[in-house]
Amino acid sequence: MELATNSTAVAGSAQSVGSQGHFHKEQVVRVSQMNPAEYETPIQARTWGPVSCSAAALTSALRGYGVNVRIADVLREMPGAVSLDVGLVPRSSLVDAAKRFGVDAREDVSDWAQLEKATAAGQPVLANVINRRFPEGH
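Here the sequence shown is numbered in our numbering, starting from 111 and rising by one per residue.
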């Protein structure tokens with residue numbers, strides 16, 4: 111299993127989760143960052159739900175690999191990486207968290223062509239969209 115990150119695409123940067131192992135795209139289901147069942151407590155859900163989009167995306171990708179995790183589990187593996195003001199601070203935290211769950215993570219997608227190649231190879235992609243609505247990324 112591999113996770114590759116950090117690409118500049120049309121709207122921002124992207125991260126791809128490689129399929130060197132047993133990634134099952136049909137098992138990838140949207141994970142709502144606002145779902146209280148994804149957190150330890152209702153207070154944690156209300157506090158972190160609005161800013162945990164990156165953790166929700168990684169949770170979805172990890173589940174595609176068959177890893178049984180919730181957003182709370184991913185956040186726990188990203189200490190200090192998510193800010194209540196802007197959400198994910200260092201993207202490298204996603205790579206580190208993925209590695210802790212047994213996915214070989216890397217930041218090596220750096221342009222649109224590499225992004226297309228990764229997705230054509232069946233790698234799921236986590237994208238950090240940066241635009242007027244999300245100047246810090248989303």
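Ideal Cβ positions, reconstructed from N, Cα and C, are used throughout, including at glycine. These figures come from a predicted structure and were not determined experimentally.
Query: Within 10 angstroms of its Cβ, does residue 125 collect 16 or more other Cβ (buried), or is it exposed?; Result: The predicted model places residue 125 with a pLDDT of 48, which falls under 50 and marks its position as unreliable; any figure quoted below should be read in that light. Answer is buried; the Cβ neighbour count reaches 16.
Query: Check this for me: beta carbons of residue 149 and residue 182, under 8 Å apart or not?; Result: yes
Query: Under the assumption that residue 184 contacts residue 165 (Cβ atoms under 8 Å), give the Cβ distance between them as a whole number of angstroms.; Result: 4 Å
Query: Taking its Cβ as the centre, do 16 or more other Cβ atoms sit within 10 Å of residue 225, making it buried, or is it exposed?; Result: buried
Query: Just reading off the beta strand (DSSP E) that residue 221 is part of, what are its end residues?; Result: It is not in any beta strand (DSSP E) - residue 221 carries neither H nor E in the DSSP assignment.
Query: For residue 185, does the three-state DSSP call read helix, strand or coil?; Result: helix
Query: Output yes or no for whether 8 Å exceeds the beta carbon distance between residue 187 and residue 207.; Result: yes
Query: According to DSSP, is residue 142 helix, strand or coil?; Result: coil
Query: Going along the chain, which residues of its own chain have a beta-carbon closer than 7 Å to the beta-carbon of residue 242, five neighbours each way excluded?; Result: none
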